[in-house]
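S.K.: Got a structure here, written out as structure tokens. Questions coming.
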Amino acid sequence: GQQVMQIPQYQHVQEGEDFTTYCNSSTTLSNIQWYKQRPGGHPVFLIQLVKSGEVKKQKRLTFQFGEAKKNSSLHITATQTTDVGTYFCAGPRWGGYNKLIFGAGTRLAVHP
Amino acid sequence: GAGVSQSPSNKVTEKGKDVELRCDPISGHTALYWYRQRLGQGLEFLIYFQGNSAPDKSGLPSDRFSAERTGESVSTLTIQRTQQEDSAVYLCASSLGTGQETQYFGPGTRLLVL
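What follows is the structure, encoded as structure tokens:
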């Protein structure tokens, strides 16, 4: 069945280091979304990418959608303790209209 | 408020009891979703409501789980004869329902089955 996979599952970095999480889909996606969940919190939408090869930036966060629209990445430059949390990617389910299939998430720990 | 609300925020129950979890979506959002998130795990899709269409129940793990939605408003997720493995955070999300758009999540209900 359709799968969305994320790697790594967990990463800890020193504050100031960069961080990247990768998302891979078993199927071509019409769009991909990224969410952040702080510890003890709920997922919060970060961004949606629609076009092949699209790159979007939010301050220190850079999101990229692959040319084949099957993979995506989130890169954080110079991590801060406020970046701590789990980052999920999500893509539409086949024939699912509004339904999303979420990756398992990458949990980021930042050590000061 | 303008966001998705859920109640109760925490629920502790004994094995075998029934529980009812409530979700109030954002006003005007026709699509509503329920997810389960076990500790340290990802989001497990449970059920999806879209307007007046028949709900997509493909994610419900057993017949002990059911959900209803009144029109395009409140939804309740019911778990009958709870088991310890039902312990998790149950998250509700809503979206406009016009396409593959952003989902807005509620704070979740933390369920602990003793």
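Protein sequences, first through last, are from chains X and B. All you need for my numbering is the position in the first sequence, starting with 1, plus 1430. All you need for my numbering is the position in the second sequence, starting with 1, plus 633. Even glycine gets a Cβ: it sits at the ideal position worked out from N, Cα and C.
1. Cβ closer than 8 Å: which chain B residues qualify as neighbours of X/K1529?
2. Quick one: is X/G1533 near chain B, going by C-beta distance under 8 Å?
3. Is the Cβ of B/F738 closer than 8 Å to any Cβ of chain X?
4. Using only the alpha-carbon positions, how far apart do X/W1524 and X/K1481 sit?
5. With H, G and I counted as helix, E and B as strand and the rest as coil, what does DSSP make of X/T1511?
6. Where X/K1466 and B/Y681 are concerned, what is the direct C-alpha to C-alpha distance, given to the nearest angstrom?
7. Give every residue of the same chain whose Cβ lies closer than 7 Å to the Cβ of B/V746, excluding the five residues on either side of it in the sequence, and list them in chain order.
8. Who are the neighbours of B/G675 on chain X, taking C-beta pairs under 8 Å?
9. In chain B, which residues lie less than 9 Å from X/H1505 when you measure between Cβ atoms?
10. Using 10 angstroms around the beta-carbon of B/S708, count the other beta-carbons present and answer buried if the total reaches 16, otherwise exposed.
11. With 16 other CB atoms within 10 Å as the buried threshold, where does X/P1522 fall?
12. Classify X/Q1439 as helix, strand or coil using the three-state DSSP reduction.
13. Who are the near neighbours of B/T654 in its chain, counting only those whose CB is closer than 6 Å to its CB and skipping five residues on each side?
14. Are X/F1518 and X/G1496 close, meaning C-beta to C-beta below 8 Å?
15. With distances taken Cα to Cα, identify the nearest neighbour of B/P751 among X/Q1436, X/P1473 and X/L1504.
16. According to DSSP, what are the bridge partners of B/A700?
17. Which value, in whole angstroms, describes the spacing of the CA atoms of X/G1431 and X/I1531?
18. Give the interface partners of B/G741 over in chain X, defined as CB-CB distance under 8 Å, in chain order.
19. Compute the Euclidean distance between the alpha carbons of B/S642 and X/T1458, then round it to the nearest angstrom.
20. Quick test of the definition: if touching needs 3 or more C-beta pairs under 8 Å, does the region 1445 to 1459 of chain X touch the region 1484 to 1501 of chain X?
M.R.: Reading off the structure:
1. Result: Y666, F678, Y681 and D689.
2. yes
3. yes
4. 18 Å
5. helix
6. 21 Å
7. T646, K648, T715, Q716, Q717, D719 and S720
8. F1518, F1532, G1533, A1534 and G1535
9. Under the 9 Å cutoff, chain B gives no residues; its nearest Cβ is about 21 Å from X/H1505.
10. buried
11. buried
12. coil
13. Note on residue identity: the sequence assigns Leu, not Thr, to residue 654 of chain B. If we look at B/L654 and ignore the five residues flanking it on each side, its Cβ neighbours are L710, Y723 and T742.
14. no
15. The structure shown does not extend to residue 751 of chain B, since chain B spans only 634 to 747, so no value can be given for it.
16. B/L710
17. 11 Å
18. Near B/G741 (Cβ distances below 8 Å), the residues of chain X are H1472.
19. Straight-line Cα distance between these residues: approximately 37 Å.
20. yes
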